[in-house]
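Accompanying notes for the structure given below.
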Amino acid sequence: MLLFKGENGQGKSNLLEAIYLLAIAKSARASTDRELVRKQSISADTYSRVAAEVDRNGDSLRLQVDFQSRLTDPSNTEQDGEDDSPSYTDSITVQKYFRVNGAPRRASGLIGQLNAVMFSADDLDLIYGSPSVRRRYLDILISQLDPGYLRSLQRYQRIVQQRNHLLKSLRVGSAMPAELEFWDEELIVEGSCIMARRITTVGRLSEVAGPIHWRLSGKGEALEVIYRPNVALTGDATAESLARDIRGAIEDRRQRETAQGVTVSGPHRDDLQVLVDGLDAGAYASRGQARTAVLALKLAEADYLKEQRGDEPVILLDDVLSELDAGRRAQVLEHLGAYQQTFITTTDLGPIEGRFLSEMQGSLVVNGHVEPMGPDLAVQDGPSKEGLKG
Ligand SMILES: Nc1ncnc2c1ncn2[C@@H]1O[C@H](COP(=O)(O)OP(=O)(O)O)[C@@H](O)[C@H]1O
Ligand SMILES: [Mg+2]
Numbered sequence: 304m305l306l307f308k309g310e311n312g313q314g315k316s317n318l319l320e321a322i323y324l325l326a327i328a329k330s331a332r333a334s335t336d337r338e339l340v341r342k343q344s345i346s347a348d349t350y351s352r353v354a355a356e357v358d359r360n361g362d363s364l365r366l367q368v369d370f371q372s373r374l375t376d377p378s379n380t381e382q383d384g385e386d387d388s389p390s391y392t393d394s395i396t397v398q399k400y401f402r403v404n405g406a407p408r409r410a411s412g413l414i415g416q417l418n419a420v421m422f423s424a425d426d427l428d429l430i431y432g433s434p435s436v437r438r439r440y441l442d443i444l445i446s447q448l449d450p451g452y453l454r455s456l457q458r459y460q461r462i463v464q465q466r467n468h469l470l471k472s473l474r475v476g477s478a479m480p481a482e483l484e485f486w487d488e489e490l491i492v493e494g495s496c497i498m499a500r501r502i503t504t505v506g507r508l509s510e511v512a513g514p515i516h517w518r519l520s521g522k523g524e525a526l527e528v529i530y531r532p533n534v535a536l537t538g539d540a541t542a543e544s545l546a547r548d549i550r551g552a553i554e555d556r557r558q559r560e561t562a563q564g565v566t567v568s569g570p571h572r573d574d575l576q577v578l579v580d581g582l583d584a585g586a587y588a589s590r591g592q593a594r595t596a597v598l599a600l601k602l603a604e605a606d607y608l609k610e611q612r613g614d615e616p617v618i619l620l621d622d623v624l625s626e627l628d629a630g631r632r633a634q635v636l637e638h639l640g641a642y643q644q645t646f647i648t649t650t651d652l653g654p655i656e657g658r659f660l661s662e663m664q665g666s667l668v669v670n671g672h673v674e675p676m677g678p679d680l681a682v683q684d685g686p687s688k689e690g691l692k693g
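Count along the sequence shown from 1, then add 303; that gives the number in my numbering.
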């Protein structure tokens with residue numbers, strides 16, 4: 304295990320985020336690629352790069368994400384306009400490019416090369432947040448196993464966009480209803496593939512998460528993860544029966560769709576339900592219970608990736624250990640002891656037991672730089688700040 308200690312704002316999360324970016328081809332926390340490029344140095348023609356050498360099953364892989372900024376409005380060269388016109392930096396967009404062993408790839412060609420699971424303080428959103436948070440969790444997990452799934456999702460998103468556009472045109476009478484048929488079929492084909500994959504994944508994930516949660520909760524509480532599709536399932540969940548179900552939902556909701564001008568049926572509206580002892584965790588779980596459920600889901604994500612890939616994901620624990628009580632912290636670290644590479648960030652060593660520290664290799668993160676911390680973490684002065692100043 305690799306431990307990164309540093310005060311707030313020194314760059315610990317940035318480091319883990321960079322690793323995660325190479326795994327999932329997007330940021331864990333930033334909503335736009337622009338936020339990933341150093342703000343002070345962004346200009347009309349900035350390059351930034353995140354790259355790593357990955358050793359997998361004896362093969363060496365070089366993964367790389369390049370960011371290039373461009374001026375979208377070349378006439379706008381004012382550094383800071385005093386009027387209301389968009390500022391110079393507002394008209395810069397950032398585009399990202401991927402490479403594997405030097406060869407250009409699409410996002411679906413990068414994802415899956417390096418598998419990773421990120422634990423962060425935002426994970427509670429998996430329980431209390433909106434369905435989109437849970438869809439994202441599921442989509443990232445499946446995409447890491449199956450780049451075809453990511454391509455399917457990307458096509459599906461474009462279909463929904465085009466279909467929404469058409470529904471709006473229909474509303475104002477500038478398109479013919481027959482044009483919708485084409486997009487209905489596209490939606491059904493991609494949508495049923497996505498749903499089929501989500502169903503099998505959630506089924507297995509729930510099986511893997513159950514026993515982990517049972518142990519973590521300490522009082523044998525049962526965890527279940529249930530797929531809640533936006534479309535009623537009537538058959539045996541094969542691609543054919545799912546296609547029929549989506550078609551049925553589209554027909555039933557035709558009027559609503561044309562009235563609202565948006566696509567209301569399909570997996571872009573799916574959800575996952577997390578049950579603790581049979582109760583919906585989003586509504587009933589205490590914060591402690593939600594935290595345990597989230598840990599179980601994340602550990603299950605790692606175990607599931609390992610099981611499916613026959614290869615261990617890299618584990619990224621961003622400042623989560625200090626939030627846990629000692630018992631749960633020990634259980635998590637013991638569970639992760641079975642993984643070859645775990646990156647842990649923390650502001651202080653105090654909460655981490657000596658027997659775990661002695662297995663860790665420590666580094667200090669100071670102002671964006673990483674420096675080695677000395678051979679034996681267990682004999683360091685715990686939470687003191689000596690290391691940072693010395
Ligand atoms: N695009 C950016 N440009 C410049 N600074 C940034 C950018 N994104 C984040 N930062 C800064 O990087 C610093 C380190 O952040 P972070 O990795 O979250 O710290 P830590 O996890 O160690 O508390 C923060 O001060 C943050 O404001
Ligand atoms: Mg942080």
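Cβ coordinates follow ideal geometry from the N, Cα and C atoms, glycine included. For clarity, every value in this text was computed on a predicted model and none was experimentally measured.
- prompt: What does DSSP give as the partner residues of T396 in its beta bridges?
  reply: As a position in the sequence shown, residue 396 is number 93, starting the count at 1. Paired residue(s): R373.
- request: Assign S423 to one of two classes, buried (16 or more other C-beta atoms within 10 Å of its C-beta) or exposed (fewer than that).
  value: To locate residue 423, count along the sequence shown from 1; it is residue 120. With 16 or more other Cβ atoms within 10 Å, it is buried.
- request: Can you give me the Cβ contacts of Q576 inside the same chain, cut-off strictly under 7 Å, excluding the 5 residues immediately before and after it?
  value: Residue mapping note: residue 576 aligns to position 273 of the sequence shown, counting from 1. So the qualifying residues of the chain are I529, R531, D583.
query: Do you know offhand how far E689's Cα is from S520's?
result: For the purposes of this step, residue 689 is identified with residue 386 of the sequence shown, where counting begins at 1. For the purposes of this step, residue 520 is identified with residue 217 of the sequence shown, where counting begins at 1. Residue placement at E689 cannot be trusted, given a pLDDT of 41 that sits under 50; what the coordinates show is reported in the next sentence. Between E689 and S520, the C-alpha separation is close to 36 Å.
message: Quick check on Q416: buried or exposed, where buried means 16 or more other Cβ atoms within 10 Å of its Cβ?
response: To locate residue 416, count along the sequence shown from 1; it is residue 113. Its Cβ being crowded by 16 or more others within 10 Å, Q416 is buried.
query: Using the rule of at least 16 other Cβ atoms within 10 Å of the residue's Cβ for burial, across every protein chain shown, is S334 buried or exposed?
result: As a first step, residue 334 is located in the sequence shown; it is residue number 31 there, counting from the start. Exposed: under 16 other Cβ atoms inside 10 Å.
Sheet register partners of H672 (DSSP bridge): Mapped onto the sequence shown, residue 672 falls at position 369. V669, per the DSSP bridge assignment.
- prompt: Taking the Cβ atom as the reference point for each residue, do L306 and I647 lie within a distance shorter than 7 Å?
  reply: Translated into the one-based positions of the sequence shown, residue 306 becomes position 3. Translated into the one-based positions of the sequence shown, residue 647 becomes position 344. Contact flag set, yes.
message: Given this structure, state the Cα-to-Cα distance separating L680 from L319, to the nearest angstrom.
response: The residue given as residue 680 occupies position 377 in the sequence shown. The residue given as residue 319 occupies position 16 in the sequence shown. Their backbone Cα atoms lie some 20 Å apart in a straight line.
message: With H, G and I counted as helix, E and B as strand and the rest as coil, what does DSSP make of E527?
response: Mapped onto the sequence shown, residue 527 falls at position 224. Here E527 sits in strand by DSSP.
- prompt: Between which two residues does the beta strand (DSSP E) containing L619 stretch?
  reply: Position 316 of the sequence shown, counted from the first residue, corresponds to residue 619. Where L619 is concerned, the enclosing beta strand (DSSP E) stretches over 617-621.
query: Less than 7 Å separating the beta-carbons of R500 and Y452?
result: Counting from 1 along the sequence shown, the entry for residue 500 is found at position 197. Counting from 1 along the sequence shown, the entry for residue 452 is found at position 149. Yes.
query: Does the beta carbon of E338 fall short of 6 Å from some heavy atom of ligand 1?
result: Here residue 338 refers to the residue found at position 35 of the sequence shown. Checking the Cβ of E338 against ligand 1 gives yes.
task: Check whether the Cβ atoms of G494 and I549 sit closer than 7 Å, and answer yes or no.
output: Taking the first residue of the sequence shown as 1, we reach residue 494 at position 191. Taking the first residue of the sequence shown as 1, we reach residue 549 at position 246. In this structure, I549 lies closer than 7 Å to G494 by Cβ.
- prompt: Is the stretch 561-568 in contact with the stretch 636-653, if contact means three or more CB pairs nearer than 8 Å?
  reply: no
- request: Would you mind stating whether Y642 and E662 have Cβ atoms separated by less than 7 Å?
  value: Taking the sequence shown and counting its residues from 1, one reaches residue 642 at position 339. Taking the sequence shown and counting its residues from 1, one reaches residue 662 at position 359. Against a cut-off of 7 Å, the Cβ pair of E662 and Y642 comes out as no contact.
field: Residue interval of the alpha helix (DSSP H) (run including Q460)
entry: Along the sequence shown, one-based indexing puts residue 460 at 157. Per DSSP, Q460 belongs to the alpha helix (DSSP H) from 450-474.
- prompt: What separation, rounded to the nearest whole angstrom, lies between the Cα atoms of G312 and D425?
  reply: Locating residue 312 in the sequence shown gives position 9, where the first residue counts as 1. Locating residue 425 in the sequence shown gives position 122, where the first residue counts as 1. In a straight line, the C-alpha of G312 is about 17 Å away from that of D425.
query: Does any C-beta atom of chain D lie closer than 7 Å to the C-beta of L305?
result: Reference to chain D is not applicable here, since this structure consists of a single protein chain.
field: Residue environment, T375, which counts as buried when at least 16 other CB atoms sit within 10 Å
entry: Residue 375 sits at position 72 when you count from the first residue of the sequence shown. Exposed: under 16 other Cβ atoms inside 10 Å.
- prompt: Terminal residues of the continuous beta strand (DSSP E) containing Y350?
  reply: The residue labelled residue 350 in the question sits at position 47 within the sequence shown. Here the beta strand (DSSP E) through Y350 covers 350-359.
task: Note down the Cα distance separating D383 from R373, rounded to an integer number of angstroms.
output: Translated into the one-based positions of the sequence shown, residue 383 becomes position 80. Translated into the one-based positions of the sequence shown, residue 373 becomes position 70. With a pLDDT of 49 at D383, under the threshold of 50, the predicted position of this residue should be treated as unreliable, though the coordinate-derived value follows. One C-alpha to the other measures close to 17 Å.
- request: Indicate the three-state DSSP secondary structure (helix, strand or coil) for D651 in the structure shown.
  value: Residue numbering aside, residue 651 sits at position 348 when the sequence shown is read from its first letter. Coil.
task: Locate the beta strand (DSSP E) running through M421, then write down its first and last residues.
output: In the sequence shown, counting from the first residue as 1, residue 421 sits at position 118. Its beta strand (DSSP E) spans residues 419-423.
message: Measuring straight from C-alpha to C-alpha, what distance separates L444 and E338?
response: By one-based count along the sequence shown, residue 444 stands at place 141. By one-based count along the sequence shown, residue 338 stands at place 35. Going by the C-alpha atoms only, they are around 24 Å apart.
message: Is K329 near ligand 1 - that is, is its Cβ less than 6 Å away from at least one heavy atom of it?
response: Here residue 329 refers to the residue found at position 26 when the sequence shown is read from its first residue. No, the beta carbon of K329 sits no closer than 6 Å to any heavy atom of ligand 1.
query: Since K308 and L652 are thought to touch, with beta carbons under 8 Å apart, how far apart are those beta carbons, to the nearest angstrom?
result: Along the sequence shown, read from residue 1 onward, the residue named residue 308 stands at position 5. Along the sequence shown, read from residue 1 onward, the residue named residue 652 stands at position 349. Yes, K308 and L652 are in contact; Cβ-Cβ is about 6 Å, under 8 Å.
- prompt: In whole angstroms, what separates the C-alpha of A354 from that of D336?
  reply: Counting from 1 along the sequence shown, the entry for residue 354 is found at position 51. Counting from 1 along the sequence shown, the entry for residue 336 is found at position 33. For A354 and D336, the distance between alpha carbons rounds to 16 Å.
- prompt: Exposed or buried, A512, counting other C-beta atoms within 10 Å across all chains shown (16 or more means buried)?
  reply: Your numbering for residue 512 matches position 209 in the sequence shown. That one is buried.
S455 vs I414 beta-carbon contact at 7 Å: One-based indexing of the sequence shown puts residue 455 at position 152. One-based indexing of the sequence shown puts residue 414 at position 111. No. Outside cutoff.
- prompt: Roughly how far, in whole angstroms, is the beta-carbon of E560 from the beta-carbon of L470, given that I think they are within contact range, below 8 Å?
  reply: The count along the sequence shown starts at 1 and reaches residue 560 at position 257. The count along the sequence shown starts at 1 and reaches residue 470 at position 167. Between L470 and E560 the Cβ distance is about 6 Å, and since that is below 8 Å, they are a contact.
- prompt: Do the stretch 485-493 and the stretch 457-465 meet, that is, are 3 or more Cβ pairs less than 8 Å apart?
  reply: yes
query: Can you list, in chain order, the stretches of the alpha helix (DSSP H) that have 4 or more residues and sit fully within the stretch 521-605?
result: 542-555, 557-563, 584-587
query: Mapping DSSP to helix, strand and coil, what is R402?
result: As a first step, residue 402 is located in the sequence shown; it is residue number 99 there, counting from the start. Three-state result, R402: strand.
Whole-number beta carbon distance between L429 and V436, since they are thought to touch under 8 Å: Start at 1 with the first residue of the sequence shown, and residue 436 comes out as number 133. Start at 1 with the first residue of the sequence shown, and residue 429 comes out as number 126. With 8 Å as the limit, V436 and L429 qualify as a contact, their Cβ atoms being about 6 Å apart.
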